[in-house]
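Residue numbers for the sequence shown follow the UniProt record's numbering, so the first one is 1 and each next one is one higher. For every residue, glycine included, the Cβ atom is placed at its ideal position computed from N, Cα and C. For reference, the structure is listed below as structure tokens.
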Amino acid sequence: MTPSERLDATFTALADPTRRAILARLMQGEASVMELAEPFAMSQPAISKHLKMLERAGLISRGRDAQRRPCRIEGEALAAATGWLEDYRKVWEGNFKRLDGLLAELQANQGKA
């Protein structure tokens, strides 16, 4: 998967509130599919589809522990998304600073008139 495709997959996965809730739960530590499904009124296959989407996006990984397949959060995809957002935040911050300067200049000129 290219970096652009990975970023698309990350934002697509994060667009769903159930998947965001699953990630929030995994921030507390690894959990089984059953543990992750517990707070939701949906079937285990539906939860598994959400987990597959999170796994494809690189946001979680699943291990093997005897009969359990614990899920854990992975930081690399989130770090890439954060970096992408940070680049745009810097651009917008610069634009707002220039706009603030222009506004101050206009207000100063208006006070002289």
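- Per DSSP, the unbroken beta strand (DSSP E) holding ARG62 starts and ends at 60-62.
- If you check the CB distance, LEU59 and ALA77 come in under 8 Å.
- Judged by DSSP secondary structure, ARG72 falls within the beta strand (DSSP E) whose first and last residues are 71-73.
- The DSSP-derived three-state label of ASP16 is coil.
- Secondary-structure assignment with DSSP links ARG68 through a beta bridge to ASP65.
- ALA46 carries a helical assignment under DSSP once its states are collapsed to helix, strand and coil.
- Rounded to the nearest whole angstrom, the C-alpha separation of GLY94 and LEU103 is 14 Å.
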